[in-house]
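J.: This is the structure I want to talk about, given as structure tokens.
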Amino acid sequence: MMLSLAEQCLIKSTNHRYVLSSVQVALSTSSQTPQSTSTTTQSKFYIPRSQRTTTTSMYEIDSIYDERLKRRRRIDPTRELNYTPDHWERHKNVYRRLRHIVTTLGSSPFQRLLFPDFFVTSLIAGGLTYYNEFISTTPLFIDGTGFAAATTAIALMTGFRLNASYGRYNEGRKLLSTVHGTSRDLAANSMMWIKLPHDKQRALRLIKAYSVALTFYLNQKGAHHSVRRCHSNFKELIYAEYRAEMLDVFGNEEDEDYIQLCQWYSGRHNVPLGITTLLRKIIAENETKDAFTRELDIHVHRLVQSLGGCERIQKTPIPTCFTRHTSRLLFVWSNLMPFAIYPACGIFTLPATIAVSFSIMGIEDIGVQLEEPFNILPLRQYSDNVNDSVDFVVSAYSIDKKTRL
0 MMLSLAEQCL IKSTNHRYVL SSVQVALSTS SQTPQSTSTT TQSKFYIPRS QRTTTTSMYE
60 IDSIYDERLK RRRRIDPTRE LNYTPDHWER HKNVYRRLRH IVTTLGSSPF QRLLFPDFFV
120 TSLIAGGLTY YNEFISTTPL FIDGTGFAAA TTAIALMTGF RLNASYGRYN EGRKLLSTVH
180 GTSRDLAANS MMWIKLPHDK QRALRLIKAY SVALTFYLNQ KGAHHSVRRC HSNFKELIYA
240 EYRAEMLDVF GNEEDEDYIQ LCQWYSGRHN VPLGITTLLR KIIAENETKD AFTRELDIHV
300 HRLVQSLGGC ERIQKTPIPT CFTRHTSRLL FVWSNLMPFA IYPACGIFTL PATIAVSFSI
360 MGIEDIGVQL EEPFNILPLR QYSDNVNDSV DFVVSAYSID KKTRL
């Protein structure tokens, strides 16, 4: 609207060119003004730490399946929470196998394989059984000897697939553990060696914000798995959760670091990397330049290295030529199985096929879930643990026992 007025002024009189210049200066100035972090969308899932009654009050727990997160959809993977002594007691219970058998039909591998895998296999197995039993006088089947050898090869391939996926899962878990340990060390060292109180408090808040930013960087939903990507304003919902969590860390919407981190996130920048840069600026401006300052930088370097390792897992899957080949072979194998086992199973070919297919295809599906570890690891609990650790370090140094940073 302002530009059109300026153009009209320019057309009407060349003597009023200063008007156009003034408008252009105003526009360029407004374009450099930081974007506001306000949004009309409010947080719907995040509960501030001060308002939580228990450590798991944010989560919808499914007590039937070992106190894990409740699966909202059939295709959702299994998402565990951090184990406590009570979890381990239940996990090692001597009756666990009976409990696991009873809950088979509700397990994530079985539910995820129901459609289309088991559906297609059931149609073939049921059609073959009906044809051989009621229509044809000559049963239709294939020799099971060669098929047994193929089954062995398929089982080895799916086992390798699972091992490769677990390697990624295990590495991701170790990297997050490194972030947790480094955050503790960096918080303790900041309390000892950063001289200015303002810089010290700022560094501690940034350490806690790093774990929150890492959660949203590694998981598009920020570990708020109840939010669906198909939602019309999905990005606005997640941004609202991000702002709520960051506000819980900084405690003030006018905080410069809070505004900066929100702008980075809305601009799709690498927020964890930006936080490490802010931490290094604080270290560089520290009054004391000695080996202790170098030690602080080493801890920040470990955070950057952990971030790089997480990015490697997040952005690089198991070679897709292998995973797709395995998927194709499993599909063909499961749909040919009814022809191989019909001579031995007869009218029970359908349930026998589903049982054998589940035993092998379930392993492959577990591998699919583990391949993306940051979709199933309890990222939010890791972030909460970092916050608790930093708060405890601060209280242990008796800097301010009444105020949580």
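Each residue of the sequence shown is one higher than the one before, starting from 0 at the first, in numbering that gives the first Met the number 0. Backbone N, C-alpha and C define an ideal beta-carbon position, used for all residues, glycine too.
1. Taking 8 Å as the cut-off, decide whether the C-beta atoms of Leu127 and Phe338 are in contact.
2. Three-state secondary structure (DSSP) at Leu122?
3. Look at the alpha carbon of Arg48 and the alpha carbon of Phe249, and state the distance between them as a whole number of angstroms.
4. Give the secondary structure of Asp184 by DSSP, where H, G and I count as helix, E and B as strand, and everything else as coil.
5. Is the Cβ-Cβ distance between Glu363 and Thr325 less than 8 Å?
6. Among Ser333, Ile297, Asp383 and Tyr381, which residue has its Cα nearest to the Cα of Ile359?
7. Expressed to the nearest angstrom, what Euclidean distance is found between the alpha-carbon atoms of Lys207 and Gly221?
8. Look at the alpha carbon of Thr150 and the alpha carbon of Thr157, and state the distance between them as a whole number of angstroms.
9. Note down, in chain order, each residue of its chain lying with its Cβ closer than 8 Å to the Cβ of Ser225, except the 5 sequence neighbours on either side.
10. Going by other Cβ atoms of all chains shown within 10 Å of its Cβ, with 16 needed for buried, is Leu213 buried or exposed?
11. Here's a check: name, in chain order, each residue in its chain whose Cβ is nearer than 7 Å to the Cβ of Leu376, leaving out the five neighbours to either side.
12. Quick one: what does DSSP say Leu195 is sitting in, helix, strand or coil?
13. Leaving out five residues on either side along the sequence, give the residues of the same chain with a beta carbon under 8 Å from the beta carbon of Ala239.
14. Would the beta-carbon of Ser356 fall within 8 Å of that of Arg183?
15. Exposed or buried, Cys320, counting other C-beta atoms within 10 Å across all chains shown (16 or more means buried)?
16. Can you give the Cα-Cα distance for Val211 and Val93, rounded to whole angstroms?
17. If you check the beta carbons only, do Asn386 and His179 fall under 8 Å apart?
18. Are the C-beta atoms of Phe133 and some chain D residue less than 8 Å apart?
19. Which whole-angstrom value describes the C-beta separation of Gly366 and Phe109, a residue pair presumed to lie in contact below a C-beta threshold of 8 Å?
20. Are there 16 or more other CB atoms within 10 angstroms of the CB of Pro316, so buried, or fewer, so exposed?
21. Starting from Cys309 and walking both ways along the alpha helix (DSSP H), at which residues does that stretch end?
22. How about Arg67 and Arg78: do their beta carbons lie closer than 8 Å?
23. Using the C-alpha atoms, what's the distance from Leu104 back to Val393?
24. Tell me which same chain residues have a C-beta within less than 6 Å of the C-beta of Gly273, skipping the five on either side of it?
25. What would DSSP say about Val22, mapped onto helix, strand or coil?
26. Going by Cα to Cα distance, which pick from Pro196, Asn188 and Val270 is closest to Glu294?
27. Of all the options Gly345, Thr177 and Ile297, which has the alpha carbon lying nearest to the alpha carbon of Cys309?
28. Look up Arg242 in the DSSP assignment and say whether it is helix, strand or coil.
29. Here's the rule: buried if 16 or more other CB atoms are within 10 angstroms of the residue's CB, otherwise exposed. What is Leu369?
30. Three-state secondary structure (DSSP) at Leu139?
31. So Leu217 and Phe391 are supposed to be a Cβ contact under 8 Å. How far apart are they, rounded?
32. Pull up the distance between the alpha-carbon of Leu302 and that of Leu205, whole angstroms please.
33. What are the complete alpha helix (DSSP H) segments, minimum 4 residues, inside the region 30-93?
34. Within its chain, find whatever has a CB closer than 7 Å to the CB of Ala351; leave out the 5 residues flanking it on each side and keep chain order.
35. Could you pull out every residue in the same chain whose Cβ sits closer than 6 Å to the Cβ of Ala243, ignoring the five residues on either side in sequence?
36. Within the continuous alpha helix (DSSP H) that includes Cys261, where are the two ends?
T.: Checking against the coordinates, here is how it stands:
1. In this structure, the beta-carbon distance from Leu127 to Phe338 falls below 8 Å.
2. Here Leu122 sits in helix by DSSP.
3. Arg48 and Phe249: Cα-Cα distance of roughly 12 Å.
4. Asp184: helix per DSSP, three-state reduction.
5. Yes, Cβ-Cβ distance for Glu363 and Thr325 is below 8 Å.
6. Comparing Cα positions, the closest option is Ser333.
7. If I take the Cα positions, the gap works out to 15 Å.
8. Between Thr150 and Thr157, the C-alpha separation is close to 11 Å.
9. Phe44, Glu59 and Arg71, listed in sequence order.
10. That one is buried.
11. Gly171, Arg172 and Leu175.
12. Note: Leu195 maps to coil in three-state DSSP.
13. Correct list, in chain order: Thr38, Thr40, Gln41, Ser42 and Lys43.
14. The Cβ atoms of Ser356 and Arg183 lie no closer than 8 Å to each other.
15. Classification of Cys320: exposed, given that the 10 Å Cβ count is below 16.
16. Val211 and Val93 have their C-alpha atoms roughly 39 Å apart.
17. No; because the gap between Cβ atoms is not below 8 Å, this pair is not in contact.
18. Note that chain D does not occur in the displayed structure, where there is just one protein chain.
19. A Cβ-Cβ separation of about 15 Å leaves Gly366 out of contact with Phe109 under the 8 Å criterion.
20. When all chains shown are included, Pro316 counts as exposed.
21. Segment Ala290 to Lys314, the alpha helix (DSSP H) holding Cys309.
22. The criterion of a C-beta distance shorter than 8 Å is satisfied by Arg67 and Arg78.
23. Our two residues, Val393 and Leu104, have alpha carbons roughly 48 Å apart in a direct line.
24. Close CB contacts of Gly273 within its chain, under the 6 Å cut and outside five residues either way in sequence, are with Trp263 (chain order).
25. With a pLDDT of 31 at Val22, under the threshold of 50, the predicted position of this residue should be treated as unreliable, though the coordinate-derived value follows. In the three-state reduction of the DSSP assignment, Val22 falls in the helix class.
26. Measuring C-alpha to C-alpha distances from Glu294 to each of Pro196, Asn188 and Val270 identifies Asn188 as the nearest.
27. Measuring from the Cα of Cys309, the nearest candidate turns out to be Thr177.
28. Residue state for Arg242 is assigned as helix, using DSSP reduced to three classes.
29. With 16 or more neighbouring CB atoms inside 10 Å of its own CB, Leu369 falls in the buried class.
30. In the structure shown, Leu139 sits in coil (DSSP, three-state: anything other than H, G, I, E or B).
31. In this structure Leu217 does not touch Phe391 by the C-beta definition: roughly 25 Å separates them, more than the 8 Å allowed.
32. Their backbone Cα atoms lie some 12 Å apart in a straight line.
33. DSSP assignment within the region 30-93 yields the following whole alpha helix (DSSP H) runs of 4 residues or more, N-terminal first: 84-90.
34. The residues are Ile340 and Cys344.
35. These residues qualify, in order along the chain: Ser42 and Tyr45.
36. That run of the alpha helix (DSSP H) goes Glu255 to Ser265.
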